[in-house]
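So the structure is just underneath, and the comments pick up after that.
Chains as they are written, first to last, in the numbering used here: chain A, 153 to 266; chain B, 27 to 134.
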């Protein structure tokens, strides 16, 4: 597609449930990033994928968070046993390659954990 | 001290005013990004620059590598420019380091 697509756009879940967030990057973009933005706060790095290299998971806040990417296409961010502090907008971005390239962001997935 | 600092944090202007948002950083960088985030959360990349100056419409971004400083200027500001403007640096680390953002409100 022309842009980065994220789904769902909004997700309301109960504490303790698992959620999956999906990101479909721009075709041909080898780098893919996940960020989290809590209400009123800045962007927080979670994970990035570059081609077939091992992902940089250094930003994942706990072992309840995991992400996968199939080749250079779709990525899924999974949050297990959700907690209220997981409520945030989860943003995906892609670029032609990691480093010194323009990022294109998706519209985000707003997660609310009740 | 944050590696990336933006000023001001909040800025209110009248339509038509010239606006400047500043970004200072303390690390060596390969590139600096200016991003715009509208209410509702969507983020748009405005500029990526590693030297000099770039212009797009009413927006101008400059960077001084020696002084580790960048500015984003908006000429003839308009209420639709109201948004959060975010500076982010690539310090040879693809994760990027983000400033806290500048909330701009342009009143008609």
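Every residue, glycine too, gets a C-beta built ideally from N, C-alpha and C.
Check: In or out: residue 28 of chain B buried (at least 16 other Cβ within 10 Å) or exposed?
Finding: exposed
Margin query: I want to know whether the stretch 40-50 of chain B touches the stretch 66-82 of chain B - three or more CB-CB distances under 8 Å.
Written below: no
Check: Is the beta carbon of residue 184 of chain A less than 8 Å from the beta carbon of residue 198 of chain A?
Finding: no
Note to self: With H, G and I counted as helix, E and B as strand and the rest as coil, what does DSSP make of residue 116 of chain B?
What the structure shows: strand
Notebook entry, point to check: Is there at least one Cβ from chain B nearer than 8 Å to residue 180 of chain A's Cβ?
Noted result: no
Check: Who are the Cβ neighbours of residue 129 of chain B in its own chain at under 6 Å, not counting the five residues just before and after it?
Finding: So the qualifying residues of the chain are 36 and 110.
Notebook entry, point to check: Are the C-beta atoms of residue 256 of chain A and some chain B residue less than 8 Å apart?
Noted result: yes
Margin query: Are the CB atoms of residue 232 of chain A and residue 265 of chain A within a distance shorter than 8 Å?
Written below: Contact flag unset, no.
Notebook entry, point to check: In terms of DSSP beta bridges, what is residue 189 of chain A paired with?
Noted result: The partner list for residue 189 of chain A (beta bridge, DSSP) reads A:195 and A:241.
Item checked: Identity of the residues DSSP links to residue 90 of chain B by a beta bridge -> B:95
Next item on the list: Output yes if chain A places a C-beta closer than 8 Å to the C-beta of residue 65 of chain B; else output no.
Entry: no
Note to self: Using CA atoms only, rank isn't needed, just tell me which of A:248, A:255 and A:228 is closest to residue 159 of chain A.
What the structure shows: A:228
Next item on the list: Could you tell me the boundaries of the beta strand (DSSP E) in which residue 82 of chain B lies?
Entry: Bounds of the beta strand (DSSP E) holding residue 82 of chain B are 78-82.
Note to self: Does residue 245 of chain A pass the burial test, meaning 16 or more other C-beta atoms within 10 Å, or should it be called exposed?
What the structure shows: buried
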